[in-house]
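Protein chains in written order, with the working numbering: chain G, 1419 to 1617; chain V, -9 to 241; chain P, 70 to 498. Ideal Cβ positions, reconstructed from N, Cα and C, are used throughout, including at glycine.
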Amino acid sequence: MANEVVDHGRRRFLTVTTAVVGGVGVVAAVVPFIKSWEPSARAKAAGAPVTVDISAIDAGQKVTFAWRSLPVFVVNRTKDQLAQLKGLEPRLLDPQSSNTEQQPKYATNETRSIKPEWLVVIGLCTHLGCVPDFVPDIKPEPFDANWKGGFYCPCHKSRYDLSGRVFSGVPAPKNLPVPPYHFVDDTHIQIGVDPKEAG
Amino acid sequence: MIKRYLSAMALALGLFVVTVPAFAQEGGEGLPSAGTNVNDRASLQRGAKLFFNYCVGCHSLKYVRYSRVASDLGLSEDEVMSNLNFTGAKFGEPVISHMPADSAKTWFGKEPPDLSLEARAKGVDFIFNYLNSFYLDPSRPVGWNNTVFPNASMPNPLWELQGLQVAVHSEATPGHDSVVEKLELSQPGRMTPEEFKGATRDLATFLEYTAEPAVLERQSVGVWVVLFLALLTFLLYLVKHEYWKDVHENH
Amino acid sequence: MANLFDWVNERAPNLAPTFRKHMTEYYAPKNFNLWYYFGSLAILVLVNQIVTGIFLTMNYKTSALEAFNSVEYIMRDVEWGWLIRYMHSTGASLFFVVVFLHMFRGIMYGSFKRPRELVWILGMLIFLVLMAEAFMGYVLPWGNMSFWGAKVIISLFGTIPYIGPGLVEWIMGDFLPADATLNRFFALHVIALPLVLLLLVVLHLAALHEVGSNNPDGVDVKHGPKGNRWDASKPLDAIPFHPYYTVKDLVGVGFFLLIAAFIIFFAPTFGGWFLEHDNFTPANNLVTPTHIKPSWYFTPFYAILRMIPSFFGTAIWGVIGMFGSILMLALLPWLDRGEVRSVRFRGMGYRIALAVLVISFLSLGAVGAGVTAELIPEWFPGADATTLENAFGRIMTLAYFGFFIFIWVYTHFGLEKTKPVPERVTMHD
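Encoded structure:
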């Protein structure tokens, strides 16, 4: 029969080579479609660093700014509030901010900030992403008889202190994240860009 | 067989290489060619500078972001923000002219159009020739007319560079009105006629780019895609040839 | 893997045999030539249109206010959006290139003849739905050509006596093409018509596999001698689709992709033929584009519409002529009664008529696209260009319809002198 003339080795080699090359082509053709789901130039432009004026934020107040459509809390903490932070440590999950993904290096300290009084955190609960309430006063609260001021998430009762550090025994697993930011001058911060010395 | 295949492939490629450029140029029938080269980065940069100095006062590029211009033209953020961006927009924002629409209407009779897509709608040749064809015409409300786009409402924005052109009319004969025969420079500008042609070519090049910023990436990616497909097609042919030996033997 | 196969096989025992019957072990005549690539290519383009279309809808905005901007957003701001859009727009034009060649193949080799009339009719339905699909897709970018194209095409329905004007408003949902029109066209373009199209394609293939493929010789391999090296019960001159036509069609796919890539990457507007210049201006209900004409694939039919004058106070004759030109194609199996299928063995009269059909179709395309309007004043300076163009267009319209009339007379009254059809297929390489 004619079968004997067929060079099976050659046939197999050609088929495999072509299949591999064709496979590479298919993968390359899929890449643009996957990439088209990345944030577009418009989304990136809307997510560009924002410079905000903090001169009007009085001591003890919180103002929320939008950066990449995320709520960013900027809090001007009082001396009293700052004094409470140390004593809370035994009740916290990660008091030393050991999880390096939750803040830049320059905010890995007790106040989780560049300047002690100014807290800058992304106001989304690390549990399921609700926006926590700002409950600044040092007084007993229904959810915590020993409340020293902080953030309380209405969705599933997670609590954070005034540095955004999460309490133990609540659903949220991590501290509130600190976005990259720096002080342009005494009254302006730019959110989204690291300080020059840190870069 | 392989020889026949290769020659067929070469013929197809050759035909395409010859015919595609004819279709690649956009529009502008019957006008002298602008001779733009959208891959000429220096030309693009000069064109951008002209646009932002002479055009953006009235015309927007609402689909074009400053940041995109910077990355595509090889300029830094600082260069774009201090040398080109006079509208006070942020780096990532599009180029929007500050001219209030109402006053534009009173001055020119209509709103100056957005120029993002001008090169695709009208053609680069049109833009180039239009910019070279302004002449003084006291009968028009703004004192200017244009041979490529008669009764245009725009005065010559580049008159400082080009100088002033006047029209030389043919003599009116019975049944035929007098028409503009040619344009003559009555007062020279800051550029020589040759320099001005170059400048308007740069401007047309920049608008060719703004009409389709993807053009730069498109062509450079395209070369690799075509080469890859040529290889793949050749391999597929070899596979087909190999398997079809069965069929030919069987006949 | 083998276990999974067994598991499925036990529960759906007909699945594997069906797959074999229609795909891998579909026996096709072994003498397919170049013209037989276009069927599989049409499926390739259909898949391309569906995939790229799905990704376009992810960023397209269905609103008269935002549609144009959203297309530019895709072209500039979405990563690789330009490629996806060009694949879709180029694919649309190439779809018609492929389908026209596929249909011409069918006419040339008599593939529409008994017993394949059903395949042909389903194909014609696919063609009709494809034209509706293309038209509605063309409207979506909401450029000035989209707007006026929509206006003109919808106005065709206004020529129908009595109900016309009401019908036009009903189709648009407004007094001009507007937001409502755009939204309903979007719904039809992205879901309703593609579903119909897919169903028709499946039926087209099922009907084909029931009777088997025709071939360039028009020889009936199914009723010829049996037994080949793969299967003793199958026709002698047939080969299994896989691997032989799989690998052969893939060569066609490679060539096709090469050409498509050239267009997508180096000439995506194709000089204004695939993406018109005037469609880069947003829709404007006050200014009609100077060169208003339909997309190139509609131009032959559009020319017939334009060339037939209105009389008895109505313009419906042009519309009837236009739809009639498509209906004629659908009626081919009953107009052409010749026994011999392939042009290779048919009479000289048929060959000439076929050439006339091709020439008239291409000429009408040129008339509809405004090519003749541009060339005639150049070639015949001083002559009355409109009269010349109308004369040319009308002769070509008559030639187009003449083909069908001629074929009926030629075959019905036994005027055709055919050559003997061979017993077995011929192979040329």
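Assignment of G/A1563 by DSSP, reduced to helix, strand and coil, places it in the coil class. Put simply, the backbone Cα of G/P1450 is about 8 Å away from that of P/L152. Looking at the DSSP output, V/E174 sits in a beta bridge with V/V156. Between the C-alpha atoms of P/I385 and P/I223 there is a straight-line separation of about 13 Å. Fewer than three Cβ pairs drawn from the stretch 300 to 309 of chain P and the stretch 219 to 227 of chain V lie within less than 8 Å of each other, which leaves the two stretches out of contact.
In the three-state DSSP reduction, G/D1551 falls in the strand class (E or B). The C-beta of V/Y227 comes closer than 9 Å to at least one C-beta of chain P. Any Cβ of chain V closer than 9 Å to the Cβ of P/E141 would place that residue at the interface, and such an atom is present. Identification of residues in the stretch 310 to 327 of chain P having a C-beta nearer than 8 Å to some C-beta of chain V yields P312, Y313, V316, K317, L319, V320, V322, G323, F324, L326, L327, given in sequence order.
9 Å or more divides the Cβ of G/N1593 from the Cβ of G/G1610. From the beta-carbon of P/I308, the residues of chain V found nearer than 7 Å are V237.
Contact annotation for P/K99 against chain V: V237 [CB-CB distance below 7 Å, chain order]. When Cβ-Cβ separations below 9 Å define contact, V/V215 makes contact with chain P. Rounded to the nearest whole angstrom, the CA to CA distance from P/N213 to V/T26 is 27 Å.
For G/Q1608, the enclosing beta strand (DSSP E) starts and ends at 1606 to 1609. Within the DSSP bridge table, the entry for G/L1542 names no partner. Listed in chain order, the non-local C-beta contacts of P/I190 below 7 Å within the same chain comprise A399, local neighbours out to five positions each way being set aside.
Exclusion of the five residues before and after G/R1486 leaves G1465 as the residues of its chain whose Cβ lies within less than 7 Å of its Cβ. Among the residues facing chain P, G/V1424 is not included, as its CB has no counterpart in that chain under 9 Å away. Residue nearest to G/H1606 within the set G/A1501, G/S1586, G/S1515, G/F1483 is G/F1483 (criterion: CA-CA distance). The C-beta of G/A1459 comes closer than 9 Å to at least one C-beta of chain P. Within 10 angstroms of the beta-carbon of V/Q152 lie 16 or more other beta-carbons, which makes it buried.
Rounded to the nearest angstrom, the Cβ distance from V/P145 to V/V132 is 5 Å, consistent with a contact under 8 Å. Going by DSSP, G/Y1570 is part of the beta strand (DSSP E) stretching over 1568 to 1570. If you draw a straight line from the Cα of V/L175 to the Cα of V/Q155, it comes to about 4 Å. Listed in chain order, the non-local C-beta contacts of P/F216 below 6 Å within the same chain comprise P246, A352, local neighbours out to five positions each way being set aside.
Taking CB atoms only, G/S1454 has a neighbour in chain P less than 9 Å away. For a Cβ distance threshold of 9 Å, residue set F334, F335 of chain P lies close to V/Q209, ordered along the chain. The alpha helix (DSSP H) runs lying completely inside the stretch 216 to 254 of chain P and spanning 4 residues or more are 233 to 241, given in chain order. Taking a C-beta distance under 9 Å as the contact criterion, G/Q1520 and G/D1512 qualify as a contact pair. By the criterion of at least three beta-carbon pairs nearer than 8 Å, the stretch 406 to 426 of chain P is not in contact with the stretch 339 to 359 of chain P. Take P/W403, set aside five residues on each side of it, and no residue of its chain has a beta-carbon closer than 7 Å to its own. Listed in chain order, the non-local C-beta contacts of V/W134 below 8 Å within the same chain comprise F124, Y125, L126, D127, A142, M144, P145, N146, local neighbours out to five positions each way being set aside. Sequence-distant Cβ neighbours of V/A194 in its own chain, meaning closer than 6 Å and more than five residues away, are A24, T26, V114, I117, F118.
Assignment of beta strand (DSSP E) within the stretch 386 to 448 of chain P, counting only whole runs of 3 or more residues, yields no such run.
Note: G/F1585 is bridge-paired with G/L1510 in the DSSP secondary-structure output.
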